[in-house]
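Protein chains in written order, with the working numbering: chain A, 1 to 194; chain B, 1001 to 1113. What follows is a single structure, written as C-alpha cells, with notes after it.
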C-alpha cells in the first residue's frame, strides 16, 4: 500500500475513533455533548444519544465499543513497522567469529552481473536470505529486439553462478521480472545498470 | 612482579590491524562501517574500520572492509586471509590473545579499466 493510501486510512480511522468515542461517552452520560463537541453541528449529532430508549441504548453502547476496538486494531496494524531485513548477509560463522557481507554489496554484484547480459538495459535487484540460501529477484528493463526467455535464462545462470562463486552461499532461486523497454525511434538500446 | 609483556594501546593495535588488512590482496580498503561507525577510539584520535573489545583479557576484533571485485574473488577465502593477517599483526605486537575476529564486507569495489 502506498503512503497516500496509508495516511488516508489512518485519518479515516482516527475520525472513526473520535466519533465512536464521543457517541459512547455521550450515551453512557460520562460527559455532555457540549463539552465534547467543538462545533454546534457535532453537538446536534450527539444530542439524540442522550435520549435513547433502553434497547437502543444497549445497541449503541455495544456498536460503539465494537467500532472503537476495530478502529484501535486498524490503527495498530497501520502504524506497526514492517519487518526489516537484516542489512548484512552471513557468509560464515564459526568459532573464530562471523563473516558478513552487506546486502547492498550483494545487490551491486547481482546488478553488475545482470548488466553484463546482452540486452539488459536496466537492473534493480533484491536479495533475500533464508535457511536454504539466497533468493534473488531481478527487475529488468530489456531491449525489445532480444528474446526475453533466452535472455532471462542466461541471466539466471550467470547471476546464480557469480553469487555462489563469490559468496560461497547457495542461491536457491533467481526470479526475473522483465519489462520490455520502449525505444526512442532511431535510437539504439544502450545499457544502463544501477 | 611485571610479567614482561609489552602494554600496547588499543589504538596502537587497531592501527597495526588496519595496516595488515590493507596489505591483503583483494582488499580495497578498510571501511568505516555502513550502519554504525566501526572505529577504535583513543585520546585525541580514532582508527576507523576496526573495533576492538577485550573479553576476559582476550581481544575481540571486528574488521570492516571493502573488497576488490574480481573474477577470482572468493569472499570466504578473503575473510580467512584477513583473519590470518589480523592475528599475525596482533601477535607481532605482543598484544595478547585473540578470541574472535569478525569480518564484515561493507562493499565490493569494482576497479574500472
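Just so you know, even glycine gets a beta-carbon here, dropped at the ideal spot from N, CA and C.
Here residue 1008 (chain B) is not near residue 1021 (chain B), since their CB atoms are 7 Å or more apart.
For residue 18 (chain A), the uninterrupted alpha helix (DSSP H) segment begins and ends at 3 to 27. In terms of CA proximity to residue 8 (chain A), A:75 leads the group A:75, A:123, A:87 and A:95. Straight-line spacing of the CA atoms in residue 21 (chain A) and residue 1054 (chain B) works out to 56 Å.
One Cα belongs to residue 1019 (chain B), the other to residue 1064 (chain B), and the distance between them is close to 13 Å. For residue 129 (chain A), DSSP records a beta bridge to A:134.
At least 7 Å separates the beta-carbon of residue 1017 (chain B) from that of residue 1110 (chain B).
Within the region 1003 to 1071 of chain B, complete alpha helix (DSSP H) segments of at least 4 residues are found at 1010 to 1022, given in chain order. Residue 164 (chain A) and residue 142 (chain A) have their C-alpha atoms some 24 Å from each other. The count of Cβ pairs closer than 8 Å, one atom from the region 1069 to 1085 of chain B and one from the region 93 to 111 of chain A, reaches three, so the stretches are in contact.
For residue 1013 (chain B), no CB of chain A lies under 7 Å from its own CB, so it is not counted at the interface with that chain. Three or more pairs of CB atoms, one per stretch, sit closer than 8 Å, so the region 167 to 175 of chain A contacts the region 129 to 136 of chain A.
Distance from residue 155 (chain A) to residue 181 (chain A) at the Cβ level is roughly 15 Å; contact not present, criterion being Cβ atoms closer than 8 Å. The residue from B:1103, B:1107, B:1014 and B:1101 with its alpha-carbon nearest to that of residue 1047 (chain B) is B:1014. Under the 7 Å criterion on CB atoms, residue 87 (chain A) is classed as interfacial with respect to chain B. Of all alpha-carbon atoms in A:94, A:146, A:128 and A:90, the one lying nearest the alpha-carbon of residue 119 (chain A) is that of A:146. For the options B:1089, B:1073 and B:1068, the alpha carbon positioned closest to that of residue 1061 (chain B) is the one of B:1089.
For the region 88 to 112 of chain A, the residues whose beta carbon sits under 9 Å from a beta carbon of chain B are, in order, 88, 91, 92, 95, 96, 97, 98, 99, 100, 101, 102, 104, 105, 106, 108, 109 and 112. Straight through space, the alpha carbons of residue 71 (chain A) and residue 107 (chain A) are spaced by roughly 40 Å. Taking a C-beta distance under 7 Å as the contact criterion, residue 31 (chain A) and residue 25 (chain A) qualify as a contact pair. For residue 168 (chain A), the neighbours in chain B by C-beta distance under 9 Å run, in chain order, 1074, 1075, 1076 and 1077. Distances from the CA of residue 1102 (chain B) to each of B:1041, B:1072, B:1073 and B:1059 were compared; the closest alpha carbon is that of B:1059. A straight-line Cα-Cα distance of about 5 Å links residue 1028 (chain B) and residue 1067 (chain B). Listed by position along chain A, the residues whose Cβ is nearer than 9 Å to that of residue 1104 (chain B) are 88, 98, 99, 100, 101 and 102. Proximity of chain A to residue 1017 (chain B) at the Cβ level (cut-off 9 Å) is not reached, the minimal Cβ distance being about 13 Å.
Cβ atoms of residue 103 (chain A) and residue 127 (chain A) come within 8 Å of each other, at about 6 Å.
Under DSSP, residue 100 (chain A) forms a beta bridge with A:90 and B:1104. 7 Å or more divides the Cβ of residue 166 (chain A) from the Cβ of residue 1093 (chain B).
Under the DSSP assignment, residue 177 (chain A) falls in the beta strand (DSSP E) whose first and last residues are 171 to 180. Not a single CB atom of chain A sits nearer than 7 Å to the CB of residue 1065 (chain B).
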